[in-house]
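Trainee:
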Amino acid sequence: TASRDLEDLGATRVRDANGEFQYVIPEETNTKSNSAANLIMSVTASGNLAVVRTPPGGAQLLASAIDRNSLNGSIKSAIGTIAGDDTVLVVSKSANGGAELAKSITNYATSSKGKRK
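For the sequence shown, position 82 matches number 135 in our numbering, and the numbering has no gaps at all.
1. Any beta carbon of chain B sitting closer than 8 Å to that of residue 101?
2. Note the first and the last residue of the continuous alpha helix (DSSP H) segment covering residue 112.
3. Work out the CA separation of residue 133 and residue 118 for me, nearest whole Å.
4. Leaving aside the five residues before and after residue 159 along the sequence, list all residues of the same chain whose C-beta is less than 8 Å from its C-beta, in chain order.
5. Can you tell me where the beta strand (DSSP E) holding residue 135 begins and where it ends?
6. Please classify residue 141 as buried or exposed, where buried requires at least 16 neighbouring CB atoms within 10 angstroms.
7. How would you call residue 76, buried or exposed, if buried means at least 16 neighbouring beta carbons within 10 angstroms?
8. What's the C-alpha gap between residue 128 and residue 145?
See the structure below:
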């Protein structure tokens with residue numbers, strides 16, 4: 054549902070000045086990435102691919118975080134993702150880069166978990 058998706062993004066429900074409820078998204082942009090890193094259950098490499106397993110329903114949130122981190126973050130060797138319900142397929146820039154990519158994703162998960170309070 055939309056309310057569950059908003060809660061997954063870290064949005065909270067608060068009353069505005071008129072007493073109406075509204076959702077407010079936190080200003081900290083790392084919240085989504087940090088929670089996405091917590092979804093990683095396993096990472097397996099094959100050729101130029103990394104297959105990441107998540108709990109059911111977690112793949113699209115994780116794929117979005119990986120896509121953002123491939124552009125300006127710690128997973129620069131990824132060129133794109135495809136997400137199902139509980140699996141993310143991550144494609145490496147190099148023909149045999151799956152192992153390096155899997156290591157980058159694992160490091161991303163470890164470093165993001167360490168940033169949480």
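Every residue gets a Cβ at the ideal spot worked out from N, C-alpha and C, and that includes glycine.
Quick caveat, the model's predicted, so the values are computed rather than measured.
Mentor: This is what the structure holds:
1. Of the chains in the structure shown, none is chain B; there is only one protein chain.
2. 112-125
3. 11 Å
4. 93, 96
5. 131-136
6. buried
7. exposed
8. 10 Å
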